[in-house]
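To convert, take the position in the first sequence, counting from 1, and add 10; that gives this note's numbering. Backbone N, C-alpha and C define an ideal beta-carbon position, used for all residues, glycine too.
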Amino acid sequence: MPELPEVETVRSGLDKHVIGRTVDTVTVLHPRAVRRHLAGQVDFEAALRGRTFDQARRRGKYLWLTAGDDAVLAHLGMSGQLLTGDPDRPLGGHTRIRFTFSDGGQDLRFDDQRTFGHMLLVPGGRDLPAPIAHIAPDPFEPAYDARALAIKMHRRHVGVKRALLDQSLISGVGNIYADEALWRAKLHWARPTEALTGAQISRLLEAVRDVMAQALLAGGTSFDSLYVNVNGESGYFSRELNVYGREGQECRRCGAQIRRDHFMNRSAYSCPVCQPRPRHARP
DNA sequence: CTGCACCCCTGTAGGC
DNA sequence: TGCCTACAGGGGTGCA
């Protein structure tokens, strides 16, 4: 479940349901799910047995469970889910990893239809797992510095949406919230970052934070059952979306028809009136 | 350092 | 009914 609000919804569910519990068994059902655990599938299964999860942490779209000094790092990719439930329920067709606990209570399953997601154990990764050292702080972390980020963005020679999606600049923002924030800030996605004023960048970063905070309150955005919390429930932020997925519908601000452009093998939604295409677009 | 193309997967929707 | 293409909230890698 991709972007920050969805991942945070999952993180808080893990905090509630698996923290303080001790792992009994780990079963990897699909090797791709642990492809970034270099010691291999058998090591992943064995190394976690008997470990107790202390905390559920997150940076951007990555989350990790701490166990002593170590971390079990997870990324949900496009379609990953972390689900808790009755340990006796049948396995789903997309269950990739299963954890059971020594208390015999609800198990934890990593389901992932497209297998872009993954999990790995990072020894010593408690504070910040090494594989995500390149991921920038997200807007809800104390380490997030909006002023420094604005300067960095201004120095980039790239379209502003690319900058928002660059997880080494700012993390947690994906295709939905990038489009929503740009609409709120009245900026076209292809505006070159170097041509934006400091005030425009500041407003944009505020919009990013605001829209993700609002989405978090709604439990995230889901259009279907692929994006759910640890109990399998969907968030309802999709009804508050202003541009994403609204091609041809009226802009809630000016009434113009929302357009969809091809962008990075995906889509970019915007309002043609509120967000006019710049003369010098940078796709 | 940077920007971009391509790759990894499965499932669904729509056109023919 | 099948077959094809386009598309979907992801990131990593390797190249110019």
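- Of Lys71, Ala49 and Arg45, the smallest CA-CA separation from Val20 is found for Lys71.
- For the set Leu48, Asp25 and Arg124, the Cα lying nearest the Cα of Tyr237 is the one of Arg124.
- Membership of Tyr187 in the alpha helix (DSSP H) is indicated by the continuous run Asn185 to Arg194.
- If only complete runs of 3 or more residues are kept, the segment 76 to 147 shows the beta strand (DSSP E) at 80 to 85, 90 to 95, 105 to 111, 117 to 122 and 128 to 132, in order along the chain.
- Beyond the five residues adjoining it in sequence on each side, Arg263 comes within less than 6 Å, by CB distance, of Cys284 in the same chain, given in chain order.
- Between Leu93 and Val28, the C-beta gap is not smaller than 8 Å, which leaves the two residues out of contact.
- For the 8 Å CB-CB criterion, Asp117 and Arg108 form a contact.
- In this structure, DSSP gives Ser280 an extended state, which the three-state scheme calls strand.
- If only uninterrupted beta strand (DSSP E) runs of at least 3 residues are considered, those enclosed by the segment 240 to 280 are 269 to 273 and 276 to 280.
- Per the C-alpha coordinates, the member of Leu206, Gly169, Arg219 and Gln210 positioned closest to Ser181 is Arg219.
- Per DSSP, the unbroken beta strand (DSSP E) holding Val38 starts and ends at Val33 to Val38.
- Classified as exposed, Val52 has fewer than 16 neighbouring CB atoms from the shown chains inside 10 Å of its CB.
- Annotation for Gln65: no alpha helix (DSSP H) segment contains it, though the beta strand (DSSP E) segment containing it runs Gln65 to Arg69.
- In the structure shown, Leu206 adopts coil according to DSSP, grouped into three states.
- Annotated three-state conformation of Thr62 is strand, per DSSP.
- For a cut-off of 8 Å, the C-beta gap from Pro147 to Ala156 is around 10 Å, too long to register as a contact.
- In the same chain as Lys196, and ignoring 5 residues on each side of it, the C-beta atoms closer than 8 Å to its own belong to Cys284 and Gln285, in chain order.
- Collapsing the DSSP output to three states places Gly23 in a helix.
- A residue is called buried when at least 16 other Cβ atoms come within 10 angstroms of its Cβ; Phe120 meets this threshold and is buried.
- The beta carbons of Gly95 and Asp122 sit no closer together than 8 Å.
- With fewer than 16 other beta carbons inside 10 angstroms of its own, Thr35 counts as exposed.
- Annotated three-state conformation of Leu73 is strand, per DSSP.
- In the three-state reduction of the DSSP assignment, Val168 falls in the coil class, being assigned neither a helical nor a strand state.
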